[in-house]
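Student:
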Amino acid sequence: MKFSMNEHGFTGHLPFGELHVSTNEEYGFRPYQLLVSSLAICSAGIIRKVLDKQRMPAEDIEVEVKEIVRIAEEADRVSKVHLHFRIKGDINESKMPRVMELTRKNCSMVRSVEDTIEIVETYELI
C-alpha cells in the first residue's frame, strides 16, 4: 500500500486500483467515510460468512449507517457509529443474536476500534 500527495489530497495505490482521499468530498473519499465503510463492510461480510456456515445464506445484505457521532473538541474524532443491517433470506430469527455476537467477535475492523468507538449494531430481517 502506498499513498502519494496530489493537488487536493492523496491517492492510494492499491492492488485493486487507485483510491482518492481528501478532506473535501469533491475530490475524494473523506478519511472518516473510509473508517466507517471499513466497519460496515467488514461486519456485513462476517454476517454473510456466519449465515453461510449456519446454512442460512443471505439473498441480500444492506447496511445503513444510521448515526455517526464526532467530537469536535477532540479533533472531530469518531466516537460512535450505528450500523443497521437489513438481511433478506430464509433466516431463523432465533439464531440472529448468536450471528451478531460472532460478527462482533470476528470483525477485525470493529475489534480494532472497540475500545475507542462505540459500535451499535442492529438488524432487521426482510
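Sequential numbering of the sequence shown, starting at -18, is according to our numbering.
Heads up, the beta-carbon is just placed ideally off N, CA and C, and yes, glycines get one too.
Predicted model only: the values in this text are computed from it and were never measured.
Determine contact between the segment 5 to 14 and the segment 24 to 43, defined as no fewer than three beta-carbon pairs at a distance below 8 Å.
Tutor: no
Student: In whole angstroms, give me the CA-to-CA distance for H65 and Y104.
Tutor: As a working mapping, residue 65 is identified with position 84 in the sequence shown. As a working mapping, residue 104 is identified with position 123 in the sequence shown. Rounded to whole angstroms, H65 to Y104 spans 5 Å at the Cα level.
Student: Starting from the N-terminal side, write out each stretch of the alpha helix (DSSP H) that is 4 residues or longer and does not extend beyond the segment 43 to 67.
Tutor: none
Student: Which residues does DSSP pair with D96 in a beta bridge?
Tutor: Mapped onto the sequence shown, residue 96 falls at position 115. BP columns for D96 are empty, so no partner.
Student: Which residue or residues does DSSP assign as beta-bridge partners of V2?
Tutor: Along the sequence shown, one-based indexing puts residue 2 at 21. Residue pairing from DSSP places V2 in a beta bridge opposite F(-9), F10.
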